[in-house]
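Chemist:
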Amino acid sequence: MVATFELEVTKVKYETHDVFSTYLSRDNFDYKPGQYVILEIDVEDLEGNTRPLSIASSPTEGFILLSTKIRDTPFKQKLIALKPGDKVKVKGPMGMFTLKEDAKEIVFLGGGIGITPFRDMIKYAADRKLAIKLTLLYSNKTAADIVYKDEWEAFQKQNPNLKVVHTITDDASWHGRKGRINEAMIKEFCSDVNTAIFYICGPPGMVTGLYELLKTMNKCLPNVQF
Ligand SMILES: Cc1cc2nc3c(=O)[nH]c(=O)nc-3n(C[C@H](O)[C@H](O)[C@H](O)COP(=O)(O)OP(=O)(O)OC[C@H]3O[C@@H](n4cnc5c(N)ncnc54)[C@H](O)[C@@H]3O)c2cc1C
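For the sequence shown, my numbering assigns the number 1 to the initial residue and increments by one for each residue that follows.
What follows is the structure, given as structure tokens:
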């Protein structure tokens, strides 16, 4: 049975102009990298007072990090109003979108807020010094939308097996790689498309599109999430 925990908000901060992070006390909450929780807060919302949210922190870290895209919904507005010391309910952990620790090569295809479970898995692999070749292809509309912007460099320094590639679709001021994740980009960074394990997480259109693309590249059953 999945347990429900009452955890304390320890810190809050904006990651970007519209992505908000809530740090919770870890207590004895245990989980696998990539899993999610059902967050419950005290709010009146037609869509209900719970949302599934990926855990963005690694089990090797001493806190639970939840990062959400802020919209003008009662749930999200109440969430960003929470202050350190407030309590929330967390049901979990849940999900099988978890890190395959015995993989040789993993490619993460992420878009926007879909980065949350990948931060968890990537940080875990770095802290545990896992010998997996990891590539993150992270797509955003603008450079200002990149979540955990300052952390990617540090994670690459910590883990020589990790390569993070940002690609930006809609920002004339961006001088790095541009455009959506595509076949050429995947082939450029993936050593062996046939044996690598792919995880996809992002907006539904992106997930479906990349899933179909991988199928045409002879990949079967990649891991996909929202
Ligand atoms: C396993 C899992 C993990 C998730 N992890 C995260 C996470 O880490 N961070 C995060 O921010 N969200 C995550 N989500 C999505 C999250 O649970 C909410 O559904 C989402 O954040 C919208 O909640 P809301 O209160 O803003 O909007 P809601 O009140 O739920 O919806 C308001 C309106 O917005 C529309 N809407 C909702 N979501 C979207 C969308 N993605 N695109 C366009 N329209 C939409 C709805 O159809 C509705 O009309 C996850 C979902 C799943 C299933």
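Where a beta carbon is used, it is the ideal one built from N, C-alpha and C, also for glycine.
Decide if the stretch 3 to 20 is in contact with the stretch 141 to 149; the criterion is three or more beta carbon pairs, one per stretch, under 8 angstroms apart.
Modeler: Yes: at least three Cβ pairs fall under 8 angstroms.
Chemist: In the DSSP output, what is P52 paired with across the bridge?
Modeler: Beta-bridge pairing links P52 to I38.
Chemist: Whose C-beta lies closer than 6 angstroms to the C-beta of A56 among residues of the same chain, with five residues either side of it excluded?
Modeler: L65, S67, T116, R119 and D120
Chemist: Give me whichever residues DSSP pairs with H166 in a beta bridge.
Modeler: Answer is Y138, bridged to H166.
Chemist: Please list, in chain order, all residues of the same chain as D170 whose beta carbon is under 8 angstroms from its beta carbon, the five residues on each side excluded.
Modeler: K141 and T142
Chemist: Measure the alpha-carbon distance for V43 versus E188 and round it to whole angstroms.
Modeler: The straight-line gap separating the alpha-carbon atoms of V43 and E188 is approximately 47 angstroms.
Chemist: Does the Cβ of N159 have 16 or more other Cβ atoms within 10 Å, making it buried, or fewer, making it exposed?
Modeler: buried
Chemist: Can you tell me which of K178, P204, G110 and E105 puts its alpha carbon nearest to the alpha carbon of A196?
Modeler: E105
Chemist: Counting contacts by CB-CB distance shorter than 8 angstroms, is A103 in contact with chain D?
Modeler: Absent here is chain D; the protein component of the structure consists of one chain.
Chemist: Among Y36, S139 and L39, which residue has its Cα nearest to the Cα of G111?
Modeler: S139
Chemist: What did DSSP end up calling G110 once you bin it into helix, strand or coil?
Modeler: strand
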